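As structure tokens, the structure follows; a few thoughts come after it.
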Amino acid sequence: MSKRTIIPFGPQHPVLPEPIHLDLVIEDEKVIEAIPSIGFIHRGLEKLVEKKDFIDYVFVAERICGICSFIHGMTYCIAMEELLKLEVPSRAQYLRVIWSELSRIHSHLLWLGLTADAFGFENLFMQSWQIREQILDIIEETTGGRVIFGSCKVGGVRRDISAEKLQEILKKLRSYRNQWTEIGGIFLNDTTVKHRLQGVGKLSMEQAKTLGAVGPMLRGSGVAMDIRMTGYSGYNKLGFTPVVETAGDCYSRCKVRIRELDQSLQLIETCVTQMTEGPLEAKVVGFPNGEFFARSEQPRGEAIYYAKANGTKFLQRLRVRTPTFANLPPLLTALAGCQLADVPVIVLTIDPCISCAER
Amino acid sequence: MGALSKSPWIIHYDGSSCNGCDIEVLAVLMPRFDLERFGVVNTGNPKHADILLLTGSINHQNAPIVKSIYDQMPEPKVVMAVGICATSGGIFRECYNVLGGADKVVPVDIYVPGCAVRPEALIDAAVQAVGLLDKKRAAALAAEKEKE
Amino acid sequence: MAQQIIDIQISELLERAKEMQAQGQRLVQICCTTLSETLELQYSFDLDFAYTSFRITLPKEGGAVPSISSIFLCAFLYENEIHDLFGVKITGIAVDFQGKFYRTATPRAFNPEAVTGEVKA
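Residue numbers (the working numbering), protein chains in the order written: chain A, 62 to 420; chain B, 268 to 415; chain C, 105 to 225.
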């Protein structure tokens, strides 16, 4: 008896800092289908490789996204280093892991805040971002930037962090852990919050696998898949095991991210104990040649950088497959059958980064 | 006077930014930098807004959207181009799908450079925008008086 | 990180995709590359971090491939993207945006030589 209606969601919507547009086909309050339309932020930056040489392009790669900027730059560097047959010094690899994990912590805290905002818990939003600001301070002290680090380069890293500073960072991070454990407890135990997250936006293990979900979206559905398990950039020496939750709903994805905060800190701690003095970069000789798929785990999931080079200064092709792009089909599945009021929360649980997705 | 300059409302639109500046805009509205102490409120409705805050560069698809937001805002209004992409296109200006800075479609009053923009620069820009709002309002009032 | 790239013919594509699905592989990405004379399509799959990529070579103009979205639904995003940015005709996409996925001012920006022809599938 109910009539189908189409409700447009976005491109300008209060829960989205970025424009994406969904057409929600609804019957009464129930969402039957969601159809995305993107292209508002498409810049076409993959084509810039024809204008910027392979060393300069790191700066563009970092600006694909302003949240996981460091890992974007690093993945690009990994691709170049493979094509140049460069061995990155061990200290540089450890520093890369430290900055990656700091990025992950700040990104997950940002996500927690935005999610709290999506279900209308303004105070929790502010609390999460307050902790995030302290992480940004550490990042600023070690790299000079809050958003764009600029510390990764082809062959290694640009800056070192002194042993003293590392200890100081650890001490700070441990005290921030108490803070995020406290707000994490609210996300996981508060009745009203649980009411908004549990059983909402279900994605079964089978669906997550076949639809190509990545990152916390996949791990929240019980699949132990994390590109850090492949051991790139020295993750193999850190004793890494992925965080997995099995319920497959918004609550479970939230839990994955909260547990990953602690895990990231642990990884940084291991890095600091294992690190030895040494050179920060390998000298770049020659031009890249061949083709390679570099993969890394960003806060939002697996990122793929495909580079094809022919031995000149300019790459023939660079292709970036970002986690949000891969998470769109699972999102559409999770949206089908939900209540209209839950749409913002479900959209947020993939941690959408549209500028990544459209490049 | 007063009401306008003591509580300017901001509308934020993300052109084709990398997210860096957008998140900094939000961070500035948070308690730490607390732009809200100047009475600034982030609104989603262009008809409530006094300041249009643009991040990211302009492309063919968002140009009419930016124009329409600007047209819907009541006078006096101030446009802030935040971040290097919004001021000139920045590192992406050579991309085929990027037209350039925000001034390609709307008149920009305040350019705020930075990649990503520094919170301090944003606060400074907001304070300048308040001054500009006052000036524009005074000029409009004077023009009205002359008519009479 | 083991990676292999295997060259295949267009006619083999669907069969290979079915094989991959039967093995429980995950579709990682589809990527198109413009070379001086031809276009290259790469379909990448992953199972337990073993990475396999199938490569198809197409002419720059008038190339057409069947969609694998009936086997891997998530392929529809990649296929629409390749259609819009490279002008490759892909037949039978599960959710076909008819060239309106990326509304760029420059059509087929990554393959500018391809002129007009059958844009609408």
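Beta carbons: idealized from backbone N, C-alpha and C, even for Gly. Here the structure is a predicted model, which is why all the values come from computation and not from measurement.
Burial state of residue i, where buried means 16 or more other Cβ atoms lie within 10 Å
i	result
alanine 409 (chain B)	exposed
serine 236 (chain A)	exposed
isoleucine 290 (chain B)	buried
threonine 354 (chain B)	buried
histidine 256 (chain A)	exposed
valine 384 (chain B)	buried
serine 223 (chain A)	exposed
valine 346 (chain A)	exposed
alanine 106 (chain C)	exposed
asparagine 215 (chain C)	buried
glycine 181 (chain A)	exposed
threonine 271 (chain A)	buried
Below-8 Å beta-carbon distance, residue i vs any chain A residue
i	result
serine 283 (chain B)	yes
valine 223 (chain C)	Bear in mind that the predicted position of valine 223 (chain C) carries a pLDDT of just 39, short of 50, making it unreliable; the figure below should be weighed with that in mind. So no, valine 223 (chain C) is outside the interface.
arginine 120 (chain C)	no
glutamine 202 (chain C)	no
glutamine 107 (chain C)	yes
asparagine 286 (chain B)	yes
asparagine 312 (chain B)	no
phenylalanine 214 (chain C)	yes
threonine 137 (chain C)	yes
glutamine 339 (chain B)	no
Limits of the unbroken alpha helix (DSSP H) element including residue i
i	result
glutamate 330 (chain A)	311-335
proline 69 (chain A)	Where proline 69 (chain A) is concerned, there is no enclosing alpha helix (DSSP H), although the beta strand (DSSP E) it sits in stretches over 65-70.
valine 394 (chain B)	386-414
serine 416 (chain A)	415-419
glutamine 268 (chain A)	266-271
tyrosine 363 (chain B)	Careful: tyrosine 363 (chain B) lies outside any alpha helix (DSSP H) and carries neither H nor E.
lysine 369 (chain A)	That residue, lysine 369 (chain A), is in no alpha helix (DSSP H); its beta strand (DSSP E) goes 362-371.
lysine 334 (chain B)	330-339
valine 292 (chain B)	287-296
Nearest to residue i (by Cα), restricted to the options the options
i	options	result
serine 161 (chain A)	A:Glu229, A:Leu185, A:Gln327 and A:Phe180	A:Gln327
glutamine 228 (chain A)	A:Ala95, A:Trp172, A:Ile159 and A:Ser313	A:Ile159
proline 341 (chain B)	B:Lys412, B:Lys414 and B:Leu400	B:Leu400
isoleucine 68 (chain A)	A:Leu401, A:Gln268, A:Leu393 and A:Gln191	A:Leu401
histidine 187 (chain C)	C:Arg212, C:Ala198 and C:Arg120	C:Arg212
histidine 279 (chain B)	B:Met297, B:Ile318 and B:Ala294	B:Ile318
proline 340 (chain A)	A:Leu156, A:Thr252 and A:Gly211	A:Leu156
lysine 344 (chain A)	A:Gly283, A:Val92, A:Glu201 and A:Lys146	A:Lys146
leucine 249 (chain A)	A:Phe353, A:Arg314 and A:Arg65	A:Arg314
glutamine 125 (chain C)	C:Arg159, C:Ser173 and C:Thr195	C:Ser173
glutamate 144 (chain C)	C:Ala179, C:Leu118, C:Glu165 and C:Phe180	C:Glu165
leucine 389 (chain B)	B:Gly350, B:Gln328 and B:Glu411	B:Gly350
threonine 337 (chain A)	A:Asp287, A:Pro150 and A:Arg104	A:Pro150
leucine 299 (chain A)	A:Arg289, A:Ile125 and A:Ile87	A:Arg289
glycine 217 (chain A)	A:Arg152, A:Leu197, A:Gly276 and A:Lys91	A:Arg152
isoleucine 411 (chain A)	A:Arg361, A:Ala368 and A:Tyr367	A:Arg361
glutamine 188 (chain A)	A:Thr203, A:Glu201, A:Leu170 and A:Ile199	A:Leu170
N-terminal and C-terminal residue of the beta strand (DSSP E) that residue i is part of
i	result
aspartate 188 (chain C)	Taken as a continuous stretch (DSSP letters only), aspartate 188 (chain C) belongs to no beta strand (DSSP E), being part of the alpha helix (DSSP H) at 179-190.
phenylalanine 248 (chain A)	Segment 224-250 is the alpha helix (DSSP H) holding phenylalanine 248 (chain A); no beta strand (DSSP E) there.
leucine 320 (chain B)	318-322
isoleucine 159 (chain A)	From DSSP, isoleucine 159 (chain A) is part of no beta strand (DSSP E) but of the alpha helix (DSSP H) over 151-179.
threonine 138 (chain C)	130-138
glutamate 144 (chain C)	142-151
aspartate 84 (chain A)	82-88
threonine 159 (chain C)	Strictly speaking, residue 159 (chain C) in this sequence is arginine, with threonine absent from that position. From DSSP, the beta strand (DSSP E) with arginine 159 (chain C) extends over 154-163.
Chain C contact for residue i (CB, 8 Å cutoff)
i	result
proline 349 (chain A)	no
lysine 112 (chain A)	no
glycine 262 (chain A)	no
lysine 255 (chain A)	no
histidine 82 (chain A)	no
glycine 105 (chain A)	yes
Residues that residue i contacts on chain D, provided the C-beta gap is smaller than 9 Å
i	result
glutamine 133 (chain C)	Of the protein chains in the structure, A, B and C, none is chain D.
Proximity test, residue i beta-carbon vs the ligand ZN heavy atom, cut-off 7 Å
i	result
isoleucine 192 (chain A)	Of the ligands one can find in the structure shown there are none, so the ligand ZN has no counterpart to examine.
Beta carbon proximity, residue i to chain B, threshold 8 Å
i	result
arginine 318 (chain A)	no
lysine 374 (chain A)	no
Please identify, using Cβ separations under 9 Å, the residues of the region 291-304 of chain B that lie next to chain A, in order along the chain. Listed by position along the chain: Glu291, Val292, Leu293, Ala294, Met297, Pro298, Arg299 and Phe300.
Output needed in chain order: residues of the region 144-169 of chain C with a Cβ under 8 Å from some Cβ in chain A. Close to chain A, meaning a Cβ-Cβ distance shorter than 8 Å, are the following residues of the region 144-169 of chain C: Gln146, Ser148, Phe153, Tyr155 and Ser157.
According to a CB-to-CB cut-off of less than 9 Å, which residues of the region 380-396 of chain B neighbour chain A? Cβ contacts with chain A come from Cys382, Ala383, Val384, Arg385 and Pro386.
Interface residues of the region 281-306 of chain A facing chain C [CB-CB below 9 Å]: Result list: Met286, Ile288, Met290, Thr291, Gly292 and Tyr293.
Please list the residues of the region 157-188 of chain A that have a C-beta atom closer than 8 Å to any C-beta atom in chain B, keeping them in chain order. Taking 8 Å as the Cβ-Cβ cut-off against chain B, the residues of the region 157-188 of chain A that qualify are Leu171 and Met187.
Could you run through the region 345-369 of chain B and flag, in chain order, every residue whose CB is less than 7 Å away from some CB of chain A? Per Cβ criterion, the list reads Ile358, Phe359, Glu361, Cys362, Tyr363, Asn364 and Val365.
Residues in the region 124-148 of chain A with C-beta within 8 Å of chain B's C-beta atoms, listed in sequence order? Of all residues in the region 124-148 of chain A, Arg124, Ile125, Cys126, Gly127, Ile128 and Ser130 have a Cβ within less than 8 Å of some Cβ in chain B.
Tell me which residues of the region 175-205 of chain C have at least one Cβ-Cβ distance to chain A shorter than 9 Å, keeping chain order. Under the 9 Å Cβ criterion, the region 175-205 of chain C contributes Phe176, Leu177, Cys178, Ala179, Phe180, Leu181, Tyr182, Glu185, Asp188, Leu189, Val199, Phe201, Lys204 and Phe205.
If contact means a Cβ-Cβ distance below 7 Å, which residues of the region 211-236 of chain A contact chain B? For the region 211-236 of chain A, which is checked against every Cβ of chain B, not one residue is closer than 7 Å.
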